[in-house]
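To keep things clear, I will list the structure first and then write my remarks on it.
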Amino acid sequence: MTKVAIKNENITSFGGIYHIMDVFSKLGFEKLTESVLGKRGCSGKAFSHGSILGSLFFSYLCGEDCLEDINALTGQFRQRPGTLLPSADTVGRGLKELAEKNIVYKSETSDKSYSFNTAQKLNTLLLRMIRRMRLIKVGSHVDLDFDHQFIPAHKFDAKYSYKQDSGYFPGWASIGGIIVGGENRDGNTNVRFHQEDTLRRIMDRVTSELGAFPC
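If you want my numbering, it's the position in the sequence shown, counting the first as 1, plus 6.
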């Protein structure tokens with residue numbers, strides 16, 4: 007005869023994310039994030055940058071695809087002891103605080119200007135996380151792949167591209183399938199325009215932060 011047991015404790019379909027949270031905690035990503043991005047707020051009560059990025063990342067791993075979806079998961083996340091992650095509004099404000107100023111390049115042929123965003127601090131954080139996880143061997147000579155990926159977007163600063171849509175045209179670098187850097191660019195920027203500058207910045211960071219040597 008089948009027995010039915012009534013459970014009083016909370017049950018969640020997202021329990022697998024707790025293991026990822028434990029791994030992040032053991033790797034010390036919270037302190038690592040603060041060491042790169044700095045302390046957020048002056049009262050000591052503000053959510054840290056680590057909590058903000060964690061809320062965004064954990065929600066993404068649970069299948070969500072926009073900031074507002076975070077609010078549907080914060081209750082689930084709190085079932086893990088000691089876990090308190092910010093809401094979508096706080097995450098949005100925190101991400102805006104991390105924005106860096108654009109670099110503007112002027113074309114010598116068309117006299118037009120194009121904006122690049124190097125996201126220096128976030129790229130540095132990415133590489134230090136990779137090094138903490140030992141995903142790329144220190145001292146190794148590596149093949150660095152680079153490509154541009156058009157992202158359609160209808161935001162106030164999105165530019166119309168030859169892709170026949172408005173958006174952004176960031177360039178991404180990877181080593182063995184691991185993303186090691188990226189820079190955003192105006193959607194109407196030619197893929198070769200100042201590409202050498204972008205590659206130099208990324209390769210210099212890979213060498214200094216990972217101790218690896220791109221070929």
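Here a beta-carbon is modelled for each residue, glycine too, at the ideal position from N, C-alpha and C.
Residues sharing a beta bridge with residue i, DSSP
i, result
"Tyr-111", "Tyr-120"
"Val-148", "Pro-220"
"Lys-165", "Gly-173"
"Glu-189", "Gly-177"
"Pro-158", "Gly-173"
"Asp-95", "For Asp-95, which the question treats as bridged, DSSP gives no partner whatsoever."
"Ile-184", "Ile-181"
"Asp-153", "Trp-178"
C-beta atoms of residue i and residue j nearer than 7 Å
i, j, result
"Cys-221", "Asp-149", "yes"
"Leu-73", "Phe-83", "no"
"Ala-94", "Ile-142", "no"
"Arg-137", "Leu-216", "yes"
"Leu-43", "His-25", "no"
"Ile-58", "Gly-100", "yes"
"Ala-164", "Gly-193", "yes"
"Asp-203", "Ser-180", "no"
"Phe-63", "Ile-23", "no"
"Val-110", "Ser-119", "yes"
Reference residue i; option with closest CA among the options
i, options, result
"Met-209", "Ser-31, Lys-45, Asp-28, Thr-124", "Thr-124"
"Val-144", "Thr-213, Lys-165, Arg-46, Tyr-24", "Thr-213"
"Ile-157", "Gly-50, Gly-69, Gly-173", "Gly-173"
"Val-197", "Arg-211, Ala-159, Arg-86, Gln-155", "Gln-155"
"Glu-40", "Gln-170, Phe-53, Val-29", "Phe-53"
Residue i classed as buried or exposed, judged by whether at least 16 other C-beta atoms fall within 10 angstroms
i, result
"Pro-176", "buried"
"Thr-8", "exposed"
"Phe-122", "buried"
"Ser-61", "buried"
"Tyr-168", "exposed"
"Leu-79", "buried"
"Leu-128", "buried"
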